[in-house]
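*Asks:*
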Amino acid sequence: MGPKGSHHPMLGWGACLAIACTFVGSLYVWPNPRRLERDHPGVIARRFASLSGACALAWVPLWCALRVRETGPEMPTSEGMSLLRALGVASPLGAVTSVAATLGLAAALFLGPLVALALDGELVPRFANAARLDSIHKLRNLVVAPASEEFAFRACMAPLLLYTGAATLRTAILASPLFFGVAHMHHFMDLRRRTGRTSAALAAIAAQLVYTTVFGWFATFAFMRTGHVFGPIAAHAFCNVMGPPDVTRAAGHPRRGIVCAAYAVGITVFVCGLWPATDPARHPSSSWHAFVAISRETRETHT
Numbered sequence: 022m023g024p025k026g027s028h029h030p031m032l033g034w035g036a037c038l039a040i041a042c043t044f045v046g047s048l049y050v051w052p053n054p055r056r057l058e059r060d061h062p063g064v065i066a067r068r069f070a071s072l073s074g075a076c077a078l079a080w081v082p083l084w085c086a087l088r089v090r091e092t093g094p095e096m097p098t099s100e101g102m103s104l105l106r107a108l109g110v111a112s113p114l115g116a117v118t119s120v121a122a123t124l125g126l127a128a129a130l131f132l133g134p135l136v137a138l139a140l141d142g143e144l145v146p147r148f149a150n151a152a153r154l155d156s157i158h159k160l161r162n163l164v165v166a167p168a169s170e171e172f173a174f175r176a177c178m179a180p181l182l183l184y185t186g187a188a189t190l191r192t193a194i195l196a197s198p199l200f201f202g203v204a205h206m207h208h209f210m211d212l213r214r215r216t217g218r219t220s221a222a223l224a225a226i227a228a229q230l231v232y233t234t235v236f237g238w239f240a241t242f243a244f245m246r247t248g249h250v251f252g253p254i255a256a257h258a259f260c261n262v263m264g265p266p267d268v269t270r271a272a273g274h275p276r277r278g279i280v281c282a283a284y285a286v287g288i289t290v291f292v293c294g295l296w297p298a299t300d301p302a303r304h305p306s307s308s309w310h311a312f313v314a315i316s317r318e319t320r321e322t323h324t
């Protein structure tokens with residue numbers, strides 16, 4: 022399938038940067054004369070509105086890229102459906118299979134921490150507490166943040182890089198999560214205020230950058246393979262419940278052998294199951310083969 026329109030590759034990268042800046046910038050448009058902390062309910066509620074606006078704009082560059090590539094000046098209904106498919110929101114059944122595969126892989130990767138929590142009697146209480154969603158903080162951490170971040174930084178960015186010819190499939194998967202990781206640097210001032218030390222804030226930001234980027238690689242791969250954004254959203258919420266893996270807890274656990282074995286088994290299952298679980302044949306919403314074809318075009322154009 023050859024492109025009917027043309028793009029400059031830098032437009033894709035520039036659009037992704039604009040999405041990231043709009044997303045982060047929207048959090049700071051509200052006046053805050055009392056210098057309320059980010060966890061204040063009023064601040065959280067206003068930021069919900071900001072993120073809604075940012076997400077309402079985030080898909081527009083992808084829509085433009087699809088329109089230029091495929092249709093010219095007019096955009097028929099069928100192309101509108103391809104926009105929904107590119108964004109990973111087109112198929113209800115695809116949502117189910119994507120969640121099952123992506124959440125299952127995330128759980129496998131966290132098998133060690135899950136076993137440690139179970140042995141300590143904390144597993145059921147932790148997830149029962151999270152499921153109650155009885156505070157605006159839980160709503161932010163487990164619903165609004167995962168949904169808005171995965172939509173803007175995953176669904177709107179990775180296909181955009183492909184459809185503008187800015188990146189091959191591999192580059193889109195590896196590079197687009199960097200926008201997500203770097204976007205978290207806006208927490209620096211808040212962390213420095215809380216810790217009172219620049220070095221501690223920088224260390225926390227660096228750790229967060231690594232964690233969010235590694236998760237982003239997995240989430241982007243799963244999104245592109247399964248074709249639905251609900252899987253990455255579910256995995257994101259799960260990771261927010263779990264937090265980063267605490268390997269020191271495993272090393273000092275009274276039943277260290279069992280916990281360490283669970284880590285090893287979980288990592289093995291994740292690595293061995295990553296491709297089979299996300300096999301496009303298992304996911305009715307998958308656009309993987311179309312993405313591969315577009316990536317091949319881009320690679321041939323650049324050689």
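Residues in the sequence shown are numbered consecutively from 22, following my numbering.
Note that the Cβ used here is the ideal one computed from N, Cα and C, for glycine as well.
#1: Am I right that Cys76 and Phe200 are in contact with their C-beta atoms under 8 Å? What's the rounded C-beta distance?
#2: Quick check on Tyr284: buried or exposed, where buried means 16 or more other Cβ atoms within 10 Å of its Cβ?
#3: Leaving out five residues before and five after Val164 in sequence, what residues of the same chain have Cβ atoms less than 8 Å from its Cβ?
#4: If contacts are defined as beta-carbon pairs under 8 Å, then Cys330 and Ala271 qualify, I think. What distance do you get, rounded to the angstrom?
#5: Let me confirm a value: Ala224 is counted as buried when at least 16 other C-beta atoms fall within 10 Å, else exposed. Which label applies?
#6: Name the residue from Phe251, Asp141, Ala127 and His208 whose alpha carbon lies nearest to the alpha carbon of Ala106.
#7: So is Cys293 buried or exposed if we call it buried at 16+ other beta carbons inside 10 Å?
#8: According to DSSP, is Asp211 helix, strand or coil?
#9: For Gly101, does the three-state DSSP call read helix, strand or coil?
#10: Report the three-state DSSP secondary structure of Ser73 (helix, strand or coil).
#11: If you check the beta carbons only, do Ile315 and Met245 fall under 8 Å apart?
#12: Do you know how far the Cα of Glu321 is from the Cα of Met96?
#13: Would you grab the beta carbon distance between His304 and Gly142 for me? Rounded to a whole angstrom, and I think it's under 8 Å.
#14: Please report how far the alpha carbon of Ile40 lies from the alpha carbon of Glu170, in whole angstroms.
#15: Kindly give me the distance between the Cβ atoms of Leu312 and Leu190, rounded to whole angstroms, as I take these residues to be in contact under 8 Å.
#16: Distance check for Ala240 and Ala127, CA to CA, integer angstroms please.
#17: When burial is assigned at 16 or more other CB atoms within 10 Å of the CB, is Thr98 buried or exposed?
#18: Using the beta-carbon count (16 or more within 10 Å), is Arg161 buried or exposed?
#19: Note the first and the last residue of the continuous alpha helix (DSSP H) segment covering Glu58.
#20: In chain order, what are the residue ranges of uninterrupted alpha helix (DSSP H) at least 4 long that sit wholly in the stretch 140 to 182?
#21: Where does His257 fall in DSSP's three states?
#22: In or out: Met102 buried (at least 16 other Cβ within 10 Å) or exposed?
#23: Quick one, are the C-beta atoms of Leu130 and Ile288 less than 8 Å apart?
#24: Keeping to the same chain, check which residues put their C-beta closer than 6 Å to that of Thr216; ignore five residues upstream and five downstream.
#25: With 16 as the cutoff for other CB atoms within 10 Å, does His249 come out buried or exposed?
#26: Cβ of Phe48 within 8 Å of Cβ of Trp80?
#27: Express the C-alpha separation of Met263 and Ala139 in angstroms, rounding to a whole number.
#28: State the DSSP-derived secondary structure class of His304, mapped to helix, strand or coil.
#29: May I ask which residues mark the beginning and end of the alpha helix (DSSP H) holding Phe131?
*Replies:* In short:
#1: 15 Å between Cβ atoms; not a contact.
#2: So Tyr284 ends up on the buried side.
#3: Closer than 8 Å at Cβ, skipping near neighbours: Leu154 and Ala258.
#4: The question about residue 330 has no answer, for the chain in this structure spans 22 to 324.
#5: With fewer than 16 other CB atoms across the displayed protein chains lying within 10 angstroms of its CB, Ala224 is exposed.
#6: The sequence shown places Arg at residue 106, rather than the Ala named in the question. Selected option, being the one with the closest Cα: Phe251.
#7: Flag for Cys293 reads exposed.
#8: Asp211 falls in the helix class under three-state DSSP.
#9: Confidence at Gly101 is low in this model, with a pLDDT of 43, below 50, so the placement of that residue is unreliable and no value is reported for it.
#10: Three-state result, Ser73: helix.
#11: If you check the CB distance, Ile315 and Met245 do not come in under 8 Å.
#12: Model confidence at Met96 stands at a pLDDT of 43, short of 50, so the residue's coordinates are unreliable; what they give is reported in the following sentence. The C-alpha of Met96 lies about 27 Å from the C-alpha of Glu321.
#13: In this structure, His304 and Gly142 do not form a Cβ contact; the two beta carbons are roughly 36 Å apart against a cut-off of 8 Å.
#14: Ile40 and Glu170: Cα-Cα distance of roughly 11 Å.
#15: The residue asked about is misnamed: residue 312 is Phe in this sequence, not Leu. With 8 Å as the limit, Phe312 and Leu190 qualify as a contact, their Cβ atoms being about 5 Å apart.
#16: Straight through space, the alpha carbons of Ala240 and Ala127 are spaced by roughly 9 Å.
#17: For Thr98, the predicted structure reports a pLDDT of 39, less than 50, and the residue's modelled location is therefore unreliable. The matter cannot be settled from this model.
#18: Around the beta carbon of Arg161, 16 or more other beta carbons sit within 10 angstroms, so the residue counts as buried.
#19: Boundaries cannot be given for Glu58, as no alpha helix (DSSP H) includes it and DSSP labels it neither H nor E.
#20: Look at the stretch 140 to 182 and you find these whole runs of alpha helix (DSSP H), each 4 residues long or longer: 144 to 153, 157 to 160 and 166 to 171.
#21: DSSP, read as helix, strand or coil, puts His257 in helix.
#22: Per-residue confidence for Met102 stands at a pLDDT of 46, beneath the threshold of 50, marking its modelled position as unreliable; the derived number appears in the next sentence. So Met102 counts as exposed.
#23: Taking 8 Å as the Cβ cut-off, Leu130 and Ile288 qualify as a contacting pair.
#24: Contacts found: Ala222.
#25: Classification of His249: buried, given that the 10 Å Cβ count is 16 or more.
#26: Note that residue 48 is Leu in the sequence shown, not Phe. Trp80 sits away from Leu48, with the two beta carbons spaced by 8 Å or more.
#27: Put simply, the backbone Cα of Ala139 is about 13 Å away from that of Met263.
#28: The answer is coil: DSSP assigns His304 none of H, G, I, E or B.
#29: Element bounds for Phe131: n/a, residue is neither H nor E.
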